[in-house]
Amino acid sequence: MSEILPPNLRGPLLAFFPIFTLLGQLIGAAVIFACLNLDNGYTICFASQWPFSIIPLVMAFIIPESPTYLIRRNQDEKAYKAQKRLDTPGMDPEKTLDAIRQNIEHERRQTNATYVDSFRGVNLRRTLIIMFANSLPNIFGLTLLSKSSYFVQVVGMKANLSVIVLILGLVCGLIANIASVWVLSKVGRRRLILTTLSLLTVVWTAMGISGCWSGPVTVWYTSISLIVVVIVAGLGVWPASHVVGAETSALHLRSKAQGIGWFTAGANNSIFGFVLPYIFNPDKGNLKAKTGFVYAGLCALGLVISFLCIPEMKGRTPAEIDRMFESRLPARQFRHWTNSTAEMDDGVSRAGSSGV
């Protein structure tokens, strides 16, 4: 997706990752709620997943390769046809392909792509950003949100009511993520991540404080806090993390960098999924709603790292992003960078090397 999308559509369309994640969870929660009082209802829940497993399998055989991939394989004719399908009428596919060729050639002159190259030189910084971006969903609390029905039962809510709260949270999160498609087209990724992580730090802290007491007020405040978290995250850091992860990698390392990113996400999911129950379960850490303090700390840490490391790449072409990373700009200066700035820096470098 990051290879075929133009800069103005990258953010909005990559925001569909969390949208479809929530849609799947919503369908699953609805099926579970419908089967709660049925004998062997769990078999229906398992069977309901089969159609959704077949759809991506079929799509994998239909979706064409990206023009960038085809050009790397010297399949220019197929690349032209693929680009023509992507472009709107009146656009010149060859002009776009020329720009892709120039960028690929520029990167090929630097190195031949290997996984080791993802951790060398400028690419190390880019890979670490991708790994951090793929860690953000676990940092802001996605793992706990996925266990929210069970979690609020641990806090003190009845099982049937907890499923209703789960469905309500999924609906609110789905609406928020749909709204993020528009938000990402207007607001920068860096600003969205910093703003929403700041808000989430406050929300999680408040939930943790409520956990210092017990009773129905704490139960309902915890439930409402989880819904607020999914709304705030859905409007900002959740979809923005996917966009940052996709935009940061260099073209010649994109498949490898994205593989590293998704591996990081999977590893984080496994670690958080294993550790989290030990934190809030009554027979272990017994933190219950005070688990909010844990995520408040994680969000605060994520906020600091995001401020220092995540650059603003909204509206930038892959070539511009390459130049900014090669210039070793601090993250806060990315949004001020222009081609004229790069040309001025190149002129200064040439003058210095000639002894002027």
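No gaps in the numbering here: position 59 of the sequence shown is 866 in our numbering, and each next residue is one more. The beta-carbon is built from N, C-alpha and C at its ideal position, and this holds for glycine as well. Note that the structure is a prediction, hence the values are computed from the model and not measured.
Problem - Cβ separation of Ala1072 and Asn941, assumed to be a contact under 8 Å, to the nearest whole Å - result: 4 Å
Problem - Spatially closest choice to Trp1027 from Arg996, Glu1119, Cys1106, Gln960, by CA coordinates - result: Gln960
Exercise for the section: Give a yes or no on whether the C-beta atoms belonging to Arg1139 and Pro1118 are separated by under 9 Å. Expected result: Contact: yes.
Practice task
Specify the secondary structure class of Glu1119 as computed by DSSP and reduced to three states.
Solution key: coil
Handout entry: Per-residue burial, Thr1029 [other beta carbons within 10 Å of its own, 16 or more giving buried]
Key = Thr1029 counts as buried, since no fewer than 16 other beta carbons sit within 10 angstroms of its beta carbon.
Handout entry: Element boundaries [alpha helix (DSSP H), containing Met1014]
Key = 996 to 1017
Problem - Minimum C-alpha distance to Ala1053 - residue among Lys902, Ile869, Ile936 - result: Ile936
Practice task
Put Asp1152 into one of helix, strand or coil per three-state DSSP.
Solution key: Bear in mind that a pLDDT of 47 at Asp1152, under 50, signals an unreliable position, so the number given afterwards is only what the model happens to contain. Helix, per DSSP.
Handout entry: Whole alpha helix (DSSP H) elements within the region 826 to 884, 4-residue minimum
Key = 848 to 854, 857 to 869, 874 to 879
Exercise for the section: Check Thr903 in the structure and name its three-state DSSP category. Expected result: helix
Practice task
Report the three-state DSSP secondary structure of Asp1129 (helix, strand or coil).
Solution key: helix
Exercise for the section: Kindly give me the distance between the Cβ atoms of Leu1113 and Ile1038, rounded to whole angstroms, as I take these residues to be in contact under 8 Å. Expected result: The question names Leu, but residue 1113 is Ser in the sequence shown. The Cβ separation is near 20 Å, so there is no contact.
Exercise for the section: Please report how far the alpha carbon of Asp924 lies from the alpha carbon of Thr1055, in whole angstroms. Expected result: 15 Å
Exercise for the section: Please go through the same chain and pick out, in chain order, the residues whose beta-carbon is closer than 8 Å to the beta-carbon of Gly948, but skip the five residues on each side of it. Expected result: Leu1007, Trp1011, Val1036, Ala1040, Tyr1102, Leu1105, Cys1106
Problem - Supposed contact pair Leu877 and Ala886 - C-beta distance, whole angstroms, cut 8 Å - result: Indeed, because the Cβ distance is near 4 Å, the residues count as touching under 8 Å.
Handout entry: Euclidean distance between Cα positions of Phe827 and Asp899
Key = 33 Å
Practice task
Could you tell me whether the region 1075 to 1090 touches the region 984 to 1000, where touching means 3 or more Cβ pairs closer than 8 Å?
Solution key: Contact fails: fewer than three Cβ-Cβ distances are below 8 Å.
Handout entry: Residue range of the unbroken alpha helix (DSSP H) whose run includes Ser953
Key = Unbroken alpha helix (DSSP H) run through Ser953: 949 to 953.
Exercise for the section: Pick out the complete alpha helix (DSSP H) segments inside the region 1080 to 1107, 4 residues or longer, and give them in chain order. Expected result: none
Exercise for the section: Would you identify the three-state DSSP class for Ile936, choosing helix, strand or coil? Expected result: helix
Practice task
Could you pull out every residue in the same chain whose Cβ sits closer than 8 Å to the Cβ of Phe824, ignoring the five residues on either side in sequence?
Solution key: Pro1046, His1049
Handout entry: Extent of the continuous alpha helix (DSSP H) to which Tyr922 belongs
Key = From DSSP, Tyr922 is part of no alpha helix (DSSP H); its letter is neither H nor E.
Handout entry: CB contact flag (Leu943, Gly818, <9 Å)
Key = no
Handout entry: Limits of the unbroken alpha helix (DSSP H) element including Trp1027
Key = 1023 to 1042
Handout entry: Where Arg1135 falls: helix, strand or coil (DSSP)
Key = coil
Handout entry: Alpha-carbon spacing of Thr1145 relative to Leu1115, whole angstroms
Key = 21 Å
Handout entry: Residue nearest to Lys965 in terms of C-alpha spacing, selected from Glu912, Gly1022, Met1120
Key = Gly1022
Problem - Three-state class that DSSP yields for Lys965 in the structure shown - result: coil
Exercise for the section: Please confirm if the region 969 to 980 is in contact with the region 949 to 956, defined as three or more CB-CB distances below 8 Å between the two stretches. Expected result: yes
Practice task
Determine the DSSP secondary structure at Ala1057, reduced to helix, strand or coil.
Solution key: coil
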